[in-house]
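One structure is given below, encoded as structure tokens.
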Amino acid sequence: MTAQPGLRERKKIETTRRLFSTAVELFLEHGFDNVTVAQIAAASDVSKMTVFNYFPTKEHLVLRPMEDHVHDAAHIVRERAAGETPVAALRRAFLAALDEHDASTGLNDAPDVLGVCRLLHETPALAQRALALTQQSRDLLAAELPGPPVLAAVTAAQLIGAREALSAENLRRLLAGESADAVHPDAVADAKRAFAFLETGLRDYGR
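Counting from -3, one number per residue, gives the positions in the sequence shown under my numbering.
Written out as structure tokens, the structure is:
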């Protein structure tokens, strides 16, 4: 049986969720740059210090979900089955995440998720930090790939780049008003084509 979190841990989880949802709501209403940590604390009925205990910076209040998944690609490749290639492992995981409408695939149309995505697109400071997290994810993946470091880096850039492009297209359609269920079949087909493309390489591309 899986052990259930204790009362203290449950309270921490509840506080984290409350701070996150309150901050996003205020950011969407007033703009990221126009909301202070003190205002978030007041709206959440906690002290300013409590906010910083959970989120070191204001940017973390938006980017925490992305930060929590920065190791995912590296972990998937490291834990892949014997004989499974990195491309196959990441394809399997991405297709499974699409089926679950995981926000990391851009295929989650929950209002709060789309709100966070809009903030990332509209706020330069957040977009810059998100880009840095993507680079960190590439570096972590490259460290798990075989071969000379430069080839591992090139491979990681292609794999992470493919996932980013697929997720961006899914998100674009959701922000344009389509539902996640409606986009899902195309998202799966696009992902299968993209990962097949990675397996065969660029040899005949653009010939």
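Every residue, glycine too, gets a C-beta built ideally from N, C-alpha and C.
Please state if the CB of residue j and the CB of residue i are separated by a distance shorter than 8 Å.
{"i": "Phe28", "j": "Leu115", "result": "yes"}
{"i": "Leu86", "j": "Val73", "result": "yes"}
{"i": "Ala121", "j": "Glu55", "result": "yes"}
{"i": "Leu94", "j": "Leu103", "result": "yes"}
{"i": "Ala39", "j": "His97", "result": "no"}
{"i": "Val83", "j": "Glu160", "result": "no"}
{"i": "Asp108", "j": "Ser17", "result": "yes"}
{"i": "Arg125", "j": "Leu59", "result": "yes"}
{"i": "Ala178", "j": "Leu162", "result": "no"}
{"i": "Ala138", "j": "Ala152", "result": "yes"}
{"i": "Phe51", "j": "Leu22", "result": "no"}
{"i": "Ala148", "j": "Leu155", "result": "no"}
Just reading off the alpha helix (DSSP H) that residue i is part of, what are its end residues?
{"i": "Arg76", "result": "Taken as a continuous stretch (DSSP letters only), Arg76 belongs to no alpha helix (DSSP H), as it is neither H nor E."}
{"i": "Val31", "result": "Note, Val31: premise wrong, no alpha helix (DSSP H); not H, not E."}
Exposed or buried, which one is residue i when buried takes at least 16 other CB atoms within 10 Å?
{"i": "Ala37", "result": "buried"}
{"i": "Thr81", "result": "exposed"}
{"i": "Thr101", "result": "buried"}
{"i": "Leu13", "result": "The amino acid occupying residue 13 in the given sequence is Arg; Leu does not appear at that position. Arg13 comes out exposed."}
{"i": "Arg134", "result": "buried"}
{"i": "Ala89", "result": "buried"}
{"i": "Ala123", "result": "exposed"}
{"i": "Ala34", "result": "exposed"}
{"i": "Ala19", "result": "buried"}
{"i": "Leu127", "result": "exposed"}
{"i": "Val31", "result": "buried"}
{"i": "Val146", "result": "exposed"}
Consult DSSP for residue i and reduce its assignment to one of helix, strand or coil.
{"i": "His97", "result": "coil"}
{"i": "His67", "result": "coil"}
{"i": "Ser175", "result": "coil"}
{"i": "Ala139", "result": "coil"}
{"i": "Pro61", "result": "helix"}
{"i": "Pro120", "result": "helix"}
{"i": "Asp182", "result": "helix"}
{"i": "Lys54", "result": "coil"}
{"i": "Ser163", "result": "helix"}
{"i": "Ser133", "result": "helix"}
{"i": "Leu22", "result": "helix"}
{"i": "Asn104", "result": "coil"}
{"i": "Gly157", "result": "helix"}
{"i": "Gly144", "result": "Contrary to the premise, residue 144 reads as Pro rather than Gly in this sequence. Pro144 falls in the coil class under three-state DSSP."}
{"i": "Ser43", "result": "coil"}
{"i": "Gly2", "result": "coil"}
{"i": "Gly111", "result": "helix"}
Starting from the C-beta of residue i, find all residues in its chain whose C-beta is less than 8 Å away, skip the five residues before and the five after it, and write them out in chain order.
{"i": "Arg4", "result": "none"}
{"i": "Leu136", "result": "Val66, His67, Ala69, Ala70"}
Looking only at its own chain, which residues have a Cβ that is under 6 Å from the Cβ of residue i, when we skip the five neighbours before and after it?
{"i": "Leu24", "result": "Gly111"}
{"i": "Ala183", "result": "Leu94, Leu103, Asn166"}
Skipping 5 residues on each side, what residues in its chain have a beta carbon closer than 7 Å to that of residue i?
{"i": "Asp105", "result": "Leu170, Ser175, Ala176"}
{"i": "Ala78", "result": "none"}
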